[in-house]
Amino acid sequence: MGSKSLTEASDNELIKKFLKGSEEAFEELISRYETKAYNLAMRLTRNEDDAEEVLQDVFVTLYRKLKSFEGKSAFSSWLYRITANASFMKLRKRRGKTMVSIDDFQPYMRLAQAVDYGYRSRTDSRIETMQLRDALEGAINKLPDDYRAVFLLRDVDGLSNKEVSEIMGISIPAVKSRLHRSRMMLRRRLKRWYDLMREHDRDFLAVQQQVLNSWSAA
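According to the working numbering, the sequence shown is numbered sequentially starting from 250.
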């Protein structure tokens, strides 16, 4: 037929097709990015129902505002920014309404068990990674929203400082500052775990990166 299929088309080509009336082009864009958008919403809101609602809000916003996309940044960065903003809005609405659940303390309870009992004998690396995942997730969830978003976008999703800057609407120096401070906050909160692994000749940062990589692959 001589023309590219929708799956072969670039994001910008799909946008142009959609603006000319192709609903299939919009569906292809959604198919391309819905998993990444959902994962980001889930990491920011920490609630499946909220993440699903955010995703639907993002789709509606995209449909209404795609004509305003100027192409100055990558479409993926624009989409991430919409997703992050929708997630923050959801968090603001939820704040003050939620009661503290015992589930919020589970990561720390499991970490305490690992510290007190897990290393009386050599711990299996798979169990160790699962325990660190719980502890790290709990610590990340305690970060301020803006810092958590920068940390997740940069260290979990692997975006560049420039991309994070565009998504968050802040300067690159601000991205670097928030990333550094979030890493320091996590290190302080996980110090007991860090020291414990060092005592048993385990590379904390290597295991932590393994955990973060498993999140980005999810």
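Where a beta carbon is used, it is the ideal one built from N, C-alpha and C, also for glycine.
Given that a residue counts as buried once 16 or more other Cβ atoms are within 10 Å of its Cβ, and exposed if not, what is residue i?
i	result
Asn288	buried
Arg313	exposed
Met433	exposed
Leu418	The sequence as given places Gly at residue 418; Leu does not occur at that position. When all chains shown are included, Gly418 counts as exposed.
Glu412	buried
Going by alpha carbons, who is nearest to residue i out of the options?
i	options	result
Thr310	Lys285, Val399, Ser271 and Phe275	Phe275
Lys339	Glu319, Asn296, Phe308 and Tyr329	Asn296
Ser317	Arg438, Gln305, Ile331 and Asp404	Ile331
Arg526	Lys411, Arg343, Ile421 and Leu439	As shown, the chain starts at 250 and ends at 467. That puts residue 526 outside it, with no answer to give.
Ser431	Ser271, Glu257, Arg281 and Ile389	Ile389
Ile279	Met291, Asp260 and Lys265	Asp260
Ala286	Lys269, Asp306 and Leu268	Asp306
Tyr282	Arg403, Ser322 and Tyr329	Tyr329
Lys525	Trp327, Gly387 and Glu302	The shown model of the chain, from 250 to 467, leaves out residue 525, and the question about it has no answer.
Glu319	Glu386, Ser426, Lys265 and Val424	Lys265
Gly270	Asp298, Glu257, Leu315 and Thr256	Leu315
Asp395	Phe308, Leu255, Ser426 and Asp298	Ser426
Please report the Cβ distance between residue i and residue j, rounded to the nearest whole angstrom; I am assuming they are in contact, meaning their Cβ atoms lie under 8 Å.
i	j	result
Leu293	Ser336	4 Å
Ala300	Ala398	Not really, about 14 Å apart at Cβ, beyond 8 Å.
Ser414	Val424	5 Å
Check this for me: beta carbons of residue i and residue j, under 9 Å apart or not?
i	j	result
Asn410	Leu428	yes
Leu263	Glu277	yes
Whose C-beta lies closer than 6 Å to the C-beta of residue i among residues of the same chain, with five residues either side of it excluded?
i	result
Met291	Ala300
Can you list, in chain order, the residues of its chain with a C-beta nearer than 7 Å to that of residue i? Leave out the 5 residues immediately preceding and following it.
i	result
Ile416	Ser326, Tyr329, Arg330, Ala333 and Leu402
Phe308	Ile279
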